[in-house]
Each structure stands twice: as C-alpha cells, then as structure tokens.
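Numbering (this note's numbering), first residue to last: 3 to 150.
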C-alpha cells in the first residue's frame with residue numbers, strides 16, 4: 003500500500019469524515035477549489051546518522067496538505083462541517099499519541115503525525131479553501147555493506 007493509500011484509509015476513520023467525503027481524494031491532482039482531499043507535498047530527510055558498525059538511520063518526514071473546499075468565504079459561518087477542522091487536528095494528535103497513525107518507517111514507536119497551520123484561503127473563484135498541513139515523521143534504518 004502506498005503512503006497515499008495509507009493516508010486515505012486512515013483519514014476515512016476520522017469520526018467526522020462526512021465533512022470531507024464529498025469529492026474526497028488523495029493524489030497528485032491540482033490543488034483547485036473544487037477539491038477535497040489530501041495532496042502530497044513531498045518527503046524530506048531531516049537527519050542522517052551512522053554508527054560505528056556502518057548502520058545508517060534516516061529521520062524522514064512526509065508532508066501532506068488536507069484541503070477542504072468551502073463555499074464563499076463570506077458564508078463560512080454557515081458552511082456545514084467547518085467546525086470539524088479543529089476536531090480533525092485534535093484527532094490527529096490523539097491518533098499519533100496512541101500509535102494509530104499510518105506506519106511509514108522501521109521504528110513504529112518513534113513515529114509522529116502532526117496536523118498544524120490550519121488556514122483559510124480565498125480563491126479567485128470566490129470560494130474558500132481550508133488547509134491543514136499534515137506531517138508524518140518516521141525513521142528508516144539501513145545496513146550498509148562496504149565490502150563491494
């Protein structure tokens with residue numbers, strides 16, 4: 003299962019998922035106002051360590067953006083589900099603390115998922131998009147054979 007598939011399956015377990023379900027997708031499509039979904043924005047290596055035996059560990063972080071297309075920004079207070087975004091961020095934190103988030107690395111007990119930077123954006127089309135950034139930190143371990 004790809005990281006995108008894992009994210010989609012996990013987010014669908016959010017008790018308030020119904021606010022995202024209409025048109026929800028996880029892929030590399032354009033981030034346009036009609037889209038609801040999780041869009042990947044890359045994998046970053048944060049740190050790399052090597053021990054005296056040649057084993058290497060890399061601390062990595064996947065970045066995703068959760069997009070929720072809303073009606074016009076002026077109608078934000080009447081948009082169904084907009085209050086679910088803070089609930090989603092709290093749910094992500096709880097899931098991470100309990101070890102229930104997707105596993106991407108080799109040390110599950112060391113993984114951490116965060117949801118941050120909830121922000122509302124107006125678009126040229128008169129709609130609004132709420133964006134929550136998701137980050138999944140994980141460690142990958144490698145054995146390095148220097149014998150050729």
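Glycine included, C-beta positions come from ideal geometry on N, C-alpha and C.
Check                                                                                                                                            : Outcome
For the segment 57 to 65 against the segment 84 to 96, are there 3 or more C-beta pairs whose distance is under 8 Å?                             : no
Can you round the beta-carbon distance between residue 40 and residue 16 to whole angstroms, since I take them to be within the 8 Å contact cut? : Actually they do not touch by this definition, with Cβ atoms about 11 Å apart.
Got a sec? Which residues, its chain only, sit under 8 Å from residue 110 by beta carbon, not counting five neighbours each side?                : 101
Going straight from the alpha carbon of residue 35 to that of residue 54, what length do you get?                                                : Caution applies to residue 35, whose pLDDT of 48 falls short of 50 and renders its modelled position unreliable; the value that the coordinates give is listed next. Going by the C-alpha atoms only, they are around 51 Å apart.
Check this for me: beta carbons of residue 121 and residue 133, under 8 Å apart or not?                                                          : yes
May I ask you to report which of helix, strand or coil DSSP gives residue 10?                                                                    : helix
Per DSSP, which residues does residue 115 bridge with? Please list them.                                                                         : 138
Output the boundary residues of the alpha helix (DSSP H) element that contains residue 91.                                                       : 86 to 99
Is the closest heavy atom of the ligand ZN to the C-beta of residue 131 under 7 Å?                                                               : What this structure holds is no ligand at all, so the ligand ZN is not there to describe.
Between residue 46 and the rest of its own chain, which residues show a CB-CB distance below 6 Å, the 5 nearest in sequence each way excluded?   : 63
CB-CB under 6 Å to residue 89, same chain, minus the five flanking residues each way: which ones, in chain order?                                : 18
Check this for me: beta carbons of residue 145 and residue 57, under 8 Å apart or not?                                                           : yes
Alpha carbons only, please: which of 38, 98, 118 is nearest the one belonging to residue 112?                                                    : 98
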